[in-house]
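In the working numbering, the protein residues as written are 583 to 788. Note that beta-carbon positions come from the ideal geometry of N, C-alpha and C, so glycine has one too. Data first, discussion second: the structure below is written as structure tokens.
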Amino acid sequence: MQNPDLWARIERYDFPKGFAEKLTEAGIGWGQKTACAEYRRFVYLILVSDAPLTPSVIVDAVWHVHLSFTRDYWTTFCAKVLKQDLHHDPCDGPASLPIYDRQYLATLRLYEQEFGAPPPSRIWPTKLFWRRVIKGGLVAALGTVLGVWAVMTGQDGSSWSVGLALFLIIGGGVYAALNLPKDSSSANSGAGCGGGAGCGGGGCGG
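What follows is the structure, encoded as structure tokens:
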């Protein structure tokens with residue numbers, strides 16, 4: 583770890599009163615402890631990185647909530663804990679998505695270097711992770727279409743088409759479920775700004 587003193591200060595920091603309630607309002611109801619822990623890690627990574635980084639969507643959501651507590655964020659967290667300003671940069675639009683993708687991958691690599699283990703996929707999903715979920719959903723959707731067709735054309739319950747439809751629906755659903763995050767709070771933690779990047783990078787100010 584490049585800066586253990588900085589990390590120790592970030593770990594000791596207490597979020598302001600009402601923070602958990604605001605996270606719930608932002609859609610982060612379950613898994614708040616993990617989400618906040620990963621946000622702390624991302625903040626540390628920004629400060630030790632020589633290049634811009636991009637968070638996952640759920641980490642970005644925690645950051646947005648934190649920014650809404652303006653007095654605590656600027657006068658306590660930045661001034662006393664980080665000892666420098668930490669600005670949030672918004673998305674520049676679709677043309678910048680490849681940049682955010684590269685920054686996101688750089689974030690994942692630096693995370694593993696600094697913390698000695700890859701980030702949890704529940705909070706930091708990869709493209710492959712979401713491709714599996716999407717494939718499962720498409721299989722289930724195909725089964726649904728086939729089932730509707732069987733009903734509309736008068737196929738009986740023993741028809742191969744009905745059986746295949748049920749197989750696709752159940753199989754696709756199980757496949758998707760097995761690849762979903764373990765808690766509902768990370769349902770929106772996939773690709774923001776496309777391909778796994780969160781909606782903004784981070785920059786340090788003097």
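Do you know offhand how far A699's Cα is from E620's?
For this step, residue 699 is matched to residue 117 along the sequence shown. For this step, residue 620 is matched to residue 38 along the sequence shown. Cα-Cα distance, rounded: 13 Å.
Bridge partners - H646, DSSP secondary structure assignment:
Taking the sequence shown and counting its residues from 1, one reaches residue 646 at position 64. Paired residue(s): none; H646 is not in a bridge.
For G613 and L690, I'd like the C-alpha separation in whole angstroms.
Stepping through the sequence shown from its first residue, residue 613 is reached at position 31. Stepping through the sequence shown from its first residue, residue 690 is reached at position 108. Roughly 20 Å separates the two Cα atoms.
Return the first residue and the last residue of the alpha helix (DSSP H) that L687 is part of.
Position 105 of the sequence shown, counted from the start, is the residue given in the question as residue 687. For L687, the uninterrupted alpha helix (DSSP H) run begins and ends at 679 to 697, by DSSP.
What is the residue span of the beta strand (DSSP E) that S668 lies within?
On the sequence shown, residue 668 is found 86 positions in, with the first residue counted as 1. With the sequence shown as reference, residue 668 is identified as Leu, and Ser is not the correct amino acid for it. From DSSP, the beta strand (DSSP E) with L668 extends over 667 to 671.
In terms of alpha-carbon separation, which member of K604, W589, L692 lies closest to T636?
By one-based count along the sequence shown, residue 636 stands at place 54. The option with the nearest alpha carbon to T636 is L692.
Where T636 sits in the DSSP three-state scheme
Along the sequence shown, read from residue 1 onward, the residue named residue 636 stands at position 54. The answer is coil: DSSP assigns T636 none of H, G, I, E or B.
Can you list, in chain order, the residues of its chain whose CB lies under 7 Å from that of I592, leaving out five sequence neighbours each side?
For the purposes of this step, residue 592 is taken as the residue at position 10 of the sequence shown. For I592, where only same-chain residues beyond five positions count, the Cβ hits under 7 Å are R622, V625, Y626, V663.
Name the two residues that bound the continuous alpha helix (DSSP H) containing F601.
Here residue 601 is taken as the residue at index 19 of the sequence shown, counted from 1. Here the alpha helix (DSSP H) through F601 covers 601 to 607.
Output yes or no for whether 8 Å exceeds the beta carbon distance between E694 and Q584.
Locating residue 694 in the sequence shown gives position 112, where the first residue counts as 1. Locating residue 584 in the sequence shown gives position 2, where the first residue counts as 1. Their beta carbons are not under 8 Å apart, which means E694 does not touch Q584 by this criterion.
Would you say I705 and S638 are within 8 Å of each other, going by their C-beta atoms?
The count along the sequence shown starts at 1 and reaches residue 705 at position 123. The count along the sequence shown starts at 1 and reaches residue 638 at position 56. For I705 and S638, yes; Cβs fall inside 8 Å.
Suppose the cutoff is 6 Å on Cβ atoms and the five residues either side in sequence are ignored; what does the same chain contact list for F651 look like?
Here residue 651 corresponds to residue number 69 of the sequence shown, with the count starting at 1. So the qualifying residues of the chain are P598.
Can you tell me whether DSSP reads I610 as helix, strand or coil?
Reading the sequence shown from its first residue, position 28 is the one you call residue 610. Correct three-state label for I610: coil.
Nearest-angstrom Cα distance between H646 and A677?
Stepping through the sequence shown from its first residue, residue 646 is reached at position 64. Stepping through the sequence shown from its first residue, residue 677 is reached at position 95. Distance between the alpha carbons of H646 and A677 is about 23 Å.
Looking at the unbroken alpha helix (DSSP H) that takes in D587, where does it start and where does it end?
The residue given as residue 587 occupies position 5 in the sequence shown. Start and end: 586 to 594.
Three-state secondary structure assigned by DSSP to P701
For this step, residue 701 is matched to residue 119 along the sequence shown. P701: coil per DSSP, three-state reduction.
When you compare the CB positions of H670 and L649, do they come within less than 8 Å of one another, or not?
To locate residue 670, count along the sequence shown from 1; it is residue 88. To locate residue 649, count along the sequence shown from 1; it is residue 67. Contact: yes.
By DSSP, does F597 sit in helix, in strand, or in coil?
As a first step, residue 597 is located in the sequence shown; it is residue number 15 there, counting from the start. Coil, per DSSP.
Distance CB(L629)-CB(L588) smaller than 8 Å:
Taking the first residue of the sequence shown as 1, we reach residue 629 at position 47. Taking the first residue of the sequence shown as 1, we reach residue 588 at position 6. Contact: yes.
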